[in-house]
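Below you'll find the structure, written out as structure tokens, and then a few comments.
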Amino acid sequence: MVLTGHCLCKAVTYKADVDAPLVTGYDHCDDCQRQSGSTYSLVVVVPKDKFTTTGPVKKWKGIADSGNAVYRWFCSECGSPIAHDPEAAPVIAIKGGTLDVEIKKGLKPDTEIWTVGKLPFCQEKLAHPFEHMPQ
Numbered sequence: 096m097v098l099t100g101h102c103l104c105k106a107v108t109y110k111a112d113v114d115a116p117l118v119t120g121y122d123h124c125d126d127c128q129r130q131s132g133s134t135y136s137l138v139v140v141v142p143k144d145k146f147t148t149t150g151p152v153k154k155w156k157g158i159a160d161s162g163n164a165v166y167r168w169f170c171s172e173c174g175s176p177i178a179h180d181p182e183a184a185p186v187i188a189i190k191g192g193t194l195d196v197e198i199k200k201g202l203k204p205d206t207e208i209w210t211v212g213k214l215p216f217c218q219e220k221l222a223h224p225f226e227h228m229p230q
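Those letters in the sequence shown? Residues 96 to 230, per this note's numbering, in order.
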């Protein structure tokens with residue numbers, strides 16, 4: 096299976112040649128909430144040595160609770176988050192929303208991490224669902 100994707104402006108593309116993701120799930124840590132601008136980040140975890148990018152990737156170094164560096168990768172043109180790369184681990188977490196459409200439609204998240212940061216309203220079913228923006 097080859098996972099492919101790109102940023103919003105398509106200046107950055109990537110691929111991961113893997114049998115399957117190691118983990119597909121929701122990351123509720125505060126850093127992922129801030130990077131995604133949402134309540135969690137959908138992540139697809141793959142080995143670092145299977146992940147390649149092309150285009151203008153910028154990396155910002157943050158420090159995890161462990162004290163180890165975590166590099167947040169994003170497009171230097173449009174700012175789309177691409178992945179987060181924990182320095183102390185042999186894996187990288189691709190931001191699931193950047194995967195090509197047909198690939199992300201087939202994802203089956205089965206894991207949640209950093210649930211200590213999960214926001215309380217994420218468990219609630221919303222009363223007014225809309226397929227698109229309300230008219």
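Where is the CB? At the ideal position from N, CA and C, for every residue including glycine.
- In this structure, 187 is the residue among 210, 192, 113 and 187 with its C-alpha nearest to the C-alpha of residue 154.
- The three-state secondary structure of residue 132, taken from DSSP, is coil.
- In this structure, the straight-line span from the alpha carbon of residue 148 to that of residue 192 is close to 16 Å.
- Per DSSP, reduced to three states, the secondary structure at residue 215 is helical.
- Look at residue 207 here: in three-state DSSP terms it is strand.
- In this structure, residue 211 and residue 150 do not form a Cβ contact; the two beta carbons are roughly 34 Å apart against a cut-off of 8 Å.
- If you compare the alpha carbons of 218, 122 and 216 with that of residue 205, the shortest gap goes to 122.
- Straight-line spacing of the CA atoms in residue 152 and residue 142 works out to 18 Å.
- For residue 99, same chain residues with a beta-carbon under 6 Å away, outside a window of 5 residues either side, are 110 and 195 in chain order.
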